[in-house]
Amino acid sequence: MTSAATPIPTNVNLENLHPNLVVCPSKAFASLFTKIRNKTTPPGEFVHYAKRIMHLLAEDALAELPTSPLTITTPCGPFVGTQSSSSSSSSNDNNELCAVSIIRAGDSLLEVMR
Numbered sequence: 001m002t003s004a005a006t007p008i009p010t011n012v013n014l015e016n017l018h019p020n021l022v023v024c025p026s027k028a029f030a031s032l033f034t035k036i037r038n039k040t041t042p043p044g045e046f047v048h049y050a051k052r053i054m055h056l057l058a059e060d061a062l063a064e065l066p067t068s069p070l071t072i073t074t075p076c077g078p079f080v081g082t083q084s085s086s087s088s089s090s091s092n093d094n095n096e097l098c099a100v101s102i103i104r105a106g107d108s109l110l111e112v113m114r
């Protein structure tokens, strides 16, 4: 027995229902999730696409953190960039950012945060 696939609704504004929810804006997710959900995707490709999803999620999560301006010297002159607001110096020794492992997920995202 075959069943018709139900399309995923894209017109629902989940942010209104859940104010702490941040939806990642990358359009790559649809094709990446299609690849990892396909039962014919070979294991090596599954791992590749799953890692790509995890990298995108980690990058978007890090982009949500507060930052402050940081002026550095480059070979071409001064450059104003940004640093994590939790860093009190240019060294990462004082950084208060940490990743929390979710055991049920098998630490799948933890490797990306290193």
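Numbering (full-length UniProt numbering), first residue to last: 1 to 114. By construction, the Cβ of each residue, glycine as well, lies at the ideal position given by its N, Cα and C atoms.
CB contact flag (residue i, residue j, <9 Å)
i            : j                : result
lysine 35    : valine 112       : no
aspartate 60 : proline 25       : yes
leucine 62   : phenylalanine 29 : no
Straight-line Cα distance separating residue j from residue i
i                : j             : result
leucine 109      : alanine 5     : 29 Å
cysteine 98      : threonine 67  : 16 Å
phenylalanine 46 : glycine 77    : 44 Å
proline 7        : proline 43    : 25 Å
valine 80        : threonine 74  : 10 Å
valine 12        : isoleucine 53 : 22 Å
leucine 17       : alanine 58    : 23 Å
serine 85        : threonine 41  : 41 Å
Cβ neighbour criterion (16 or more within 10 Å) applied to residue i
i              : result
isoleucine 72  : exposed
isoleucine 103 : exposed
glutamate 15   : exposed
Contacts around residue i, its chain only, beta-carbon distance under 7 Å, and the 5 residues preceding and following it disregarded
i            : result
glutamate 64 : Val22
tyrosine 49  : Leu32, Lys35 and Ile36
glutamine 83 : Thr67, Ser68 and Leu70
Own chain, CB closer than 6 Å to residue i, minus 5 neighbours either side, in chain order
i          : result
serine 101 : Asp107 and Leu110
Sequence-distant residues of its chain with Cβ nearer than 8 Å to residue i (five each side left out)
i             : result
asparagine 38 : none
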